[in-house]
Structures are given as C-alpha cells and as structure tokens.
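Residue numbers (my numbering): 2 to 79.
For each residue, glycine too, the CB sits at the ideal point set by N, CA and C.
Structure first, then comments.
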Amino acid sequence: MAESSPKTHTPYSANEIDFLVAYIHPENIWYVFPASFIEGRHSICVWPGSKRSRFERYREAWNLLKPASAQSAALPPQ
C-alpha cells in the first residue's frame, strides 16, 4: 500500500490513513485492513476463502470502522 509518484513508492503510515478498504470485484468481497496492520507493507495478496490466509479475519470486517467504545467484538489475536 504505497503512495505513488513517478520515482518512488512510499508505504503509507498509520499517521496518514486509518484503514485500507479493498474490493475484490470478481468475488464481490470487501476487506477492511487497519492502518496498523498494513503500515510499512508494499503489497497485500489476498486469497478469498483460503483457510491458510491470515487476511480472512479482515474480510467484511466493517465492525473495525466503529469507534473503539462502540465495538462489541474484537478480532481474535493472530
């Protein structure tokens, strides 16, 4: 997840964004990644439906967009 300019690709920091939301059109699936998870990464490869994917916990994770005080269920630890 990087800002692009003609000469550089600089990863976003948690100071610049709160979430990255990605839509996988052929599968009609959304992923909601917190900035703290993607910070420093240049890319993320998702495999929808894979039992081995460590990203499935972020699939349709819209509850992450609620304020912390309003969240009733947190994601389990990795």
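Task: DSSP-derived helix/strand/coil call for PHE56 - done: Counting from 1 along the sequence shown, the entry for residue 56 is found at position 55. Three-state DSSP puts PHE56 in coil, outside helix and strand.
- [ ] Rank PRO35, ARG53, TYR13 and TRP31 by C-alpha distance to the C-alpha of LYS118 and give the top, closest one.
- [x] Since the first residue shown for the chain is 2 and the last is 79, residue 118 is missing from the structure and cannot be characterised.
Open item on the list: Tell me the residue span of the beta strand (DSSP E) that contains ALA23.
Closed with: Working through the sequence shown from its first residue, we reach residue 23 at position 22. Start and end: 20-25.
TODO: Please classify TYR24: is it buried, with 16 or more other beta-carbons within 10 angstroms of its beta-carbon, or exposed?
DONE: Here residue 24 is taken as the residue at index 23 of the sequence shown, counted from 1. TYR24 is exposed by the Cβ-count criterion.
Open item on the list: Rounded to whole angstroms, what is the Cα-Cα separation between GLU40 and SER14?
Closed with: By 1-based counting over the sequence shown, the position of residue 40 is 39. By 1-based counting over the sequence shown, the position of residue 14 is 13. When rounded, the distance between both Cα atoms is 5 Å.
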